[in-house]
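Visitor:
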Amino acid sequence: MAFQTLLHRRWQSLLILLGVALGVAVMVSIDLANASAGRAFELSTEVITGKATHQIVPSGSGIPEEEYARLRRAGVLPLAAPIVSTYITISGQRGQAFELLGIDPFVDREFRDYWDGNSLNGQAFFDLITRPGAVMISSKLAERLSIGVGDELKIIVNGREQTVWVCGLLQPVDQLAARSLQGILLADISTAQEISGKVGYLDRIDLILPQDNAAFIEQIKLLLPPNLQIETVEARQGTIRQMAQAFQLNLSALSLLALVVGLFLIYNTMTFSVVQRRDLFGAMRCLGVTRRELFLLVSGEALIVGMAGSALGIGLGILLGKNTIGMVSQTINDLYFTTTVQAVELPVESLIKGGVIGVLATLGAALPSAMEAASVEPRLALSRSGLEKKANSALWLLAGSGVILIIVGYLLFQIPGNYLLFGFGGTLLVVVGIAALAPLFMRGFLKLLRPVTVRTFGILGGMAAGNLLNSISRTAVAVSALMVAVAVTIGISLMIDSFRFTVTQWLEQSLQSDVYISVPGFNANSSLLPIDPRVIEQVRERDDIRRIDTLRATRVVSQFGEINLSASDNPQIGEERIFKESIGSGEQITEAMRNGGAIISEPLANRLDLHTGETIELLTPSGAKVFPIAGVYYDYATSEGNVTIWREVYTRWWADDAVTAIGLRLKNGINPEETVRDIQKKLQTDQDLLVRANAALRQDVMEVFDRTFAITAALRILATMVAIIGILSTLMLLQIEKQRETGILKALGITGNELWRLVMLETGLMGLIAGLLAAPTGFVLAIILIRVINLRSFGWTILLSVNPFAFIFAVSIAVGAALLAGVVPAMRMNRLSAAEAIRYE
Amino acid sequence: MNRIGHFWKVFLIFLMILAGWGLAFAKRENVGDSQTGLDLTFDVEGNFARAEAPMEFQFPRDFGSHDDFQTEWWYYTGNLETERGRRFGYQLTIFRRALLPPEKRFERPSEWAVEQVYLAHFAITDVQNDRFYADEKLARGSAGLAGAVGQPYFQVWLEDWRVVQIDENRFQLSAKSDRADLDLFLTDLKGVVFQGEHGFSRKGEETGNASYYISQTRLLTEGKITIEGQSFDVKGLSWMDHEFSTSALGEDQVGWDWFSLQFDNNHEIMLFTLRKEDGTIDRFSTATLILPDGRTHHFANDEFTVTRIGEWKSPETGAVYPAGWRINIPAISLDLEVHPLIPNQELVLSYIYWEGAVSLRGQLGGEEVNGYGYVELTGYGQSMRGRF
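Just so you know, the protein sequences line up as chains C and A, in that order. Those letters in the first sequence? Residues 1 to 841, per this note's numbering, in order. Those letters in the second sequence? Residues 1001 to 1388, per this note's numbering, in order.
1. Compute the distance between the beta-carbons of Ala826/C and Leu761/C, then report whether it is under 8 Å.
2. Does the beta carbon of Trp1112/A sit closer than 8 Å to a beta carbon anywhere in chain C?
3. I need the straight-line Cα distance from Leu257/C to Asn595/C, nearest angstrom please.
4. If you draw a straight line from the alpha carbon of Leu1173/A to that of Thr1077/A, how long is it in whole angstroms?
5. Can you list, in chain order, the residues of its chain whose CB lies under 6 Å from that of Pro1102/A, leaving out five sequence neighbours each side?
6. Going by CA-CA distance only, name the one from Gly75/C, Val376/C, Phe264/C that's closest to Phe281/C.
7. CB Asp188/C to CB Val1114/A, shorter than 8 Å?
8. What residues from chain A crowd round Arg792/C, counting only those whose CB sits closer than 8 Å?
9. From the DSSP output, in three-state form, read off Ser1231/A for me.
10. Looking at C-beta atoms only, is the number of pairs between the region 213-232 of chain C and the region 399-409 of chain C that lie closer than 8 Å three or more?
11. Can you name the residues of chain C whose CB is closer than 8 Å to the CB of Ala1123/A?
12. Using a Cβ-Cβ cut-off of less than 8 Å, list which residues of the region 192-205 of chain C approach chain A; keep chain order.
13. Would you mind working out which of Gly795/C, Pro172/C, Leu71/C sits nearest Glu602/C, comparing C-alpha positions?
14. Closer than 9 Å by beta-carbon distance: list the chain C residues that pair up with Trp1157/A, in chain order.
15. Three or more C-beta pairs closer than 8 Å, one from the region 710-729 of chain C and one from the region 473-493 of chain C: is that the case here?
16. Just to confirm before moving on: does the CB-CB distance between Ser329/C and Thr340/C stay below 8 Å?
17. Go through its chain and collect everything with a Cβ distance to Leu1271/A's Cβ below 6 Å, but skip five positions before and after it.
18. Tell me which same chain residues have a C-beta within less than 7 Å of the C-beta of Ala254/C, skipping the five on either side of it?
19. Within 8 Å (strictly less), CB to CB, does Gly19/C reach chain A?
20. Please confirm whether Leu15/C has its beta-carbon closer than 8 Å to some beta-carbon of chain A.
21. Write down the C-beta distance between Tyr201/C and Glu349/C rounded to the nearest angstrom, noting that I regard them as a contact closer than 8 Å.
22. Output the distance between the C-alpha atoms of Leu251/C and Phe579/C, rounded to the nearest integer angstrom.
23. Could you name the residues of chain A that Ile189/C contacts, counting a contact when the two beta carbons are closer than 7 Å?
24. Within 10 angstroms of its Cβ, does Ser513/C collect 16 or more other Cβ (buried), or is it exposed?
25. Of the residues that make up the region 791-820 of chain C, which ones have a beta carbon closer than 8 Å to any beta carbon in chain A?
26. Can you give me the start and stop residues for the alpha helix (DSSP H) that Ile282/C sits inside?
27. So with Cβ pairs under 8 Å, would you call Thr1041/A a contact of chain C?
28. Would you say Thr843/C lies against chain A (beta-carbon separation less than 8 Å)?
29. Using DSSP with H/G/I as helix, E/B as strand and the rest coil, what is Gln93/C?
30. Find the nearest neighbour of Leu728/C within the set Glu110/C, Val519/C, Val824/C, Ile195/C, judged by alpha-carbon distance.
31. Can you give me the start and stop residues for the beta strand (DSSP E) that Val539/C sits inside?
32. Would you call Trp1073/A buried or exposed, if buried means 16 or more other Cβ atoms sit within 10 Å of its Cβ?
33. Along the beta strand (DSSP E) that carries Arg823/C, what are the first and last residues, could you check?
34. So with Cβ pairs under 8 Å, would you call Leu1138/A a contact of chain C?
35. Between the region 219-242 of chain C and chain A, which residues of the former have CB atoms less than 9 Å from a CB of the latter, in chain order?
36. Give the range of the alpha helix (DSSP H) segment to which Pro368/C is assigned.
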């Protein structure tokens, strides 16, 4: 019976279906993207970490290789495998990162067994360990690159092109291993050292320790030099993973907003379909149908639509996912970690999750209407006006609960600690709370506006406002849905604009050199790869340069785990950062750094709860060294955070004079673009370096920024689309319901033109109200996104920058969407003859 | 005199180890079906140095490795007892094999570059508890992980398994596995014994088919053995062999029985028989008597007999090994019975063989003698050629 009803109300069903489908689709596509990014991370690290439980990692650059032999010969390493690994690209495969994984095959078997022993026949193994430049790749990768055993492969390492050759193919043991291996070039540790320029160093030592490992760790620690640290694998991967997860959670939350908008729509349509059938239900109750059965009938309808809509949504979600997966992984690679695995299987859990949530949400949204249906007394149902009266009194109740929701939401934000879930929960409550206020606002607004519309549009104007007022129980929900969607659009736009503005300001302040030189890396923001020392020599000899600043970026171990460290010799660093808090003037900060102080970025300060005047402890080859914090500066390069110290201090403690970035300040009147071209032409190095003028570097950074927010922008549009469909369905239903009324109007001689104007006025008013309500809501949302969500997710402060255009645009969208939604009903109305329309019932 | 069999053995062990390494890369369940089909024929052809004439040994330099020869090993075995007479046997062997002939080696920037591979076996026999502990290690002979040097003092090591010279005639030997630890001090009582013709030991008619072979046949030993966390102060005698060569042997040999026997009257015997496919003993089998002053007497294969007087079937591999021998060398009135201290001293590592502590009793030159020694039995656990 539920099924028949749905068939009977085709349009209605179709619209709910679409609403559910779009909501589910958005959610599924984001979840797919998140899950694939997570899976790609796992697969990329799985082969690399293998079965290791712990790792010995250096603070600064590399583990001196003799330490490994020393530990081995001391007999304290139970199961251990040395690793030299470098991200590389393969010529002709630009854009994809591969990992050159250098292992010691004699001890590695306990750690990594992702390839079949048969793929290592004697000759391949022999070549791998004895011949320079020999690598093994998976048979799949060989196929993709169309190369075979014995063939050479051109790879780019640290910006230098080098040649390796394939001495054998690895046959993965299963599908999973095949995926993990597709981004790997396996080499003997000697080859890996030689190719990556890490002769004399190891990147880490993998360990497999038993469950009860405290004694082992103590024993190893006793023999470790101070700048080597033993850490669990989870702890090592955890930080970076957590950062990315904050980003992913943001996306998930946004995608849920689309579903929330969809729920409004479902609720609206279902309520409407029940209201429409009150007479029928009354009659059915007279015929002996129980409350329970009516409840089940309406729920059954919702279930069917929910299932069909979710199924459609899953399909759509997969289609959308093709884009979102690319966008999300790009961003994650830009900002968080390099993945070498690209194609992962479709995570089925995401699809199931989307389906289940879609069906449950539909059922939930239909629950009030099902209860309403069950409450119908076994007599002819209430008249419309009675119902509306009931609705009117409910408006105050609704508004009251809205206020409570907003207050609870606000209180949630006040809970101390960086709980993102409370952040999102609070946001949801505030948004829903404001939406609950919408009907009351709408009524007041219409009452105020009615005289104005009468004056402007005459009797039609009065009718339009009156119609809306009379059917507020249904129109208000549509208006709320549109309001939420538009508010989300405004909120996100304001947030992105503010963020963009903040980043631009920050770049202006902190990028003061005219020309920058660095090695292209895989993370968009900073490269940890050293520049050929000859380059610095050559640049120093130029006569168009006023000053050269050098920077060493690396990762070191602090008391909080591994963190990013920059060592700079910019004498104006104190002036060229914007400080949130500091010990004093820019000069004083620089002076403090020269004397062994550190400045830390805001995200790090927030994450680790560090402040000016406190200290951070970093492991150096000569022991743990305490750095007093001279200031906390605004920084948007990495949400993981950064510590900056004076370069001479770094060189002194870490005995490392590598440089990863060079900033050149040109003499007055010299054109940076020309200098860039000249340097590129004259530089004598086999390293492929990025030489960029200030403007070009800024542009590159902003490109990454825009890439990061591309998906957010896409989500915003999708949410609006769901809302437009909501408005469309509500209006259509409204107009269909009013067919009889329309027929009478037609019989009374209303012209087609006038009917058009009536419908358009009605919908336009709805759009306008939604838009006007959305503007302040969007503003509040933007503030929440900036002050709560971003601060908690990424730890950075965004300066609010309000672009009035965002509001105008949003209101226009609301009105435009509403008008657009009126077109079909208006056309339908016009097509019907008066007689037909009246006969409808 | 030489231990011909060892050339075969080391070569095969290396192939086995490498095969084992390859197999271990596979999932465990694949091991069974990959064993036969594995192609492990390396292109290690090349011009290695060969033993063609007696050489002038210089110590301590020549205690170290001779990398231009393809194969080399340092072989330590010993019989030890606690003050209360509880007996233990031990074996620590470090093998070296060159993967690249000298002309194919060149200077590479990385210290990890592989030219040599080292393999070590470590076993302890706990006679009282009838237990046998065996373990092995493999490492590249670079990056400080494994090696053997004679100067400034002798040391041979594979990670934390090592023998280090600590004084003129004193050495420290240590090795550690999951269940057993060994830490011993060895004092050489007789000096270096040169096997064969001043250390040049022929193995076949062909020129260069020979090895350089030296031994320390009587090393006074004391130190500590730890088994399953329990430590014992022990004393006793050890035996060391150091041999290097570049020779491949004939294909008709299936295995060998090798004996190092230390008598309580300050004499030692080294003896081996090489078993051929047809069950006969190869004519290169030989025996050597070492006198108290270090001088040696050699006996050709027709001057001695070895008769089996017992058998033991391994419950683990099903292999049947001889477990008791009667040895006769009429020229010196030697008549000995040799018995394993415990039957199960089978090493089931990447290569299966039996190497264990034995006791002996009998007559030498009309005098009653007792003593202990080590016996090595190969080719019983598996048909080697069948595996390749």
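Idealized CB from N, CA, C, for every residue including glycine. Computed from a predicted structure; not experimentally measured.
Guide: Walking through what the data contain:
1. For the purposes of this step, residue 826/C is taken as the residue at position 826 of the first sequence. For the purposes of this step, residue 761/C is taken as the residue at position 761 of the first sequence. Cβ atoms of Ala826/C and Leu761/C: not closer than 8 Å.
2. To locate residue 1112/A, count along the second sequence from 1; it is residue 112. Yes, because at least one Cβ of chain C sits closer than 8 Å to the Cβ of Trp1112/A.
3. Residue mapping note: residue 257/C aligns to position 257 of the first sequence, counting from 1. Residue mapping note: residue 595/C aligns to position 595 of the first sequence, counting from 1. About 50 Å.
4. Sequence index remark: in the second sequence, residue 1173/A carries index 173 (1-based). Sequence index remark: in the second sequence, residue 1077/A carries index 77 (1-based). Cα to Cα, Leu1173/A sits roughly 11 Å from Thr1077/A.
5. The residue given as residue 1102/A occupies position 102 in the second sequence. If we look at Pro1102/A and ignore the five residues flanking it on each side, its Cβ neighbours are Asp1068.
6. Numbered from 1 along the first sequence, position 281 holds the residue referred to as residue 281/C. It is Val376/C.
7. Your numbering for residue 188/C matches position 188 in the first sequence. Your numbering for residue 1114/A matches position 114 in the second sequence. The answer is yes: Cβ separation under 8 Å.
8. Walking along the first sequence from the start, residue 792/C turns up at place 792. What Arg792/C touches in chain A: nothing, since even the nearest Cβ is about 44 Å away.
9. Working through the second sequence from its first residue, we reach residue 1231/A at position 231. Reduced to three states, the DSSP call for Ser1231/A is strand.
10. no
11. Here residue 1123/A refers to the residue found at position 123 of the second sequence. Within chain C, no residue comes near Ala1123/A; the closest Cβ sits about 18 Å away, beyond 8 Å.
12. Gln193, Glu194, Val199, Gly200
13. In the first sequence, the residue the question calls residue 602/C occupies position 602. Nearest of Gly795/C, Pro172/C, Leu71/C to Glu602/C, Cα basis: Gly795/C.
14. For this step, residue 1157/A is matched to residue 157 along the second sequence. The contacting residues are Arg73.
15. yes
16. Residue numbering aside, residue 329/C sits at position 329 when the first sequence is read from its first letter. Residue numbering aside, residue 340/C sits at position 340 when the first sequence is read from its first letter. No.
17. What you label residue 1271/A is simply residue 271 of the second sequence in a count that begins at 1. Around Leu1271/A: Phe1259, Ala1287.
18. One-based indexing of the first sequence puts residue 254/C at position 254. In the sequence as displayed, the identity of residue 254/C is Leu instead of Ala. So the list reads Thr712, Leu715, once near-sequence residues are dropped.
19. Taking the first sequence and counting its residues from 1, the one referred to as residue 19/C is at position 19. False, the Cβ-Cβ gap to chain A never drops below 8 Å.
20. If you number the first sequence from 1, residue 15/C lands on position 15. Chain A, which has no Cβ nearer than 8 Å to the Cβ of Leu15/C, makes this no.
21. In the first sequence, the residue the question calls residue 201/C occupies position 201. In the first sequence, the residue the question calls residue 349/C occupies position 349. Actually they are not in contact, since the Cβ atoms of Tyr201/C and Glu349/C sit about 41 Å apart, beyond 8 Å.
22. Taking the first residue of the first sequence as position 1, residue 251/C is located at position 251. Taking the first residue of the first sequence as position 1, residue 579/C is located at position 579. About 30 Å.
23. As a first step, residue 189/C is located in the first sequence; it is residue number 189 there, counting from the start. Near Ile189/C (Cβ distances below 7 Å), the residues of chain A are Trp1112.
24. Numbered from 1 along the first sequence, position 513 holds the residue referred to as residue 513/C. Under this definition Ser513/C is a buried residue.
25. none
26. As a position in the first sequence, residue 282/C is number 282, starting the count at 1. Looking at the sequence itself, residue 282/C is Gly, so the reference to Ile does not match. Counting along the chain, the alpha helix (DSSP H) containing Gly282/C begins and ends at 278-286.
27. As a position in the second sequence, residue 1041/A is number 41, starting the count at 1. The predicted model places Thr1041/A with a pLDDT of 38, which falls under 50 and marks its position as unreliable; any figure quoted below should be read in that light. So yes, Thr1041/A belongs to the interface.
28. With chain C represented from 1 up to 841, any question about residue 843/C goes unanswered, as that position is not in the structure.
29. The count along the first sequence starts at 1 and reaches residue 93/C at position 93. Reduced to three states, the DSSP call for Gln93/C is coil.
30. Residue 728/C sits at position 728 when you count from the first residue of the first sequence. The shortest C-alpha separation from Leu728/C is found at Val824/C.
31. Taking the first residue of the first sequence as position 1, residue 539/C is located at position 539. Per DSSP, Val539/C belongs to no beta strand (DSSP E); it is in the alpha helix (DSSP H), 533-540.
32. The residue labelled residue 1073/A in the question sits at position 73 within the second sequence. So Trp1073/A counts as buried.
33. Locating residue 823/C in the first sequence gives position 823, where the first residue counts as 1. Here residue 823/C turns out to be Val, not Arg, going by the sequence shown. Segment 804-831 is the alpha helix (DSSP H) holding Val823/C; no beta strand (DSSP E) there.
34. Taking the second sequence and counting its residues from 1, one reaches residue 1138/A at position 138. It does: the Cβ of Leu1138/A has a partner Cβ on chain C nearer than 8 Å.
35. none
36. In the first sequence, residue 368/C corresponds to position 368, counting from 1. Taken as a continuous stretch (DSSP letters only), the alpha helix (DSSP H) holding Pro368/C covers 348-374.
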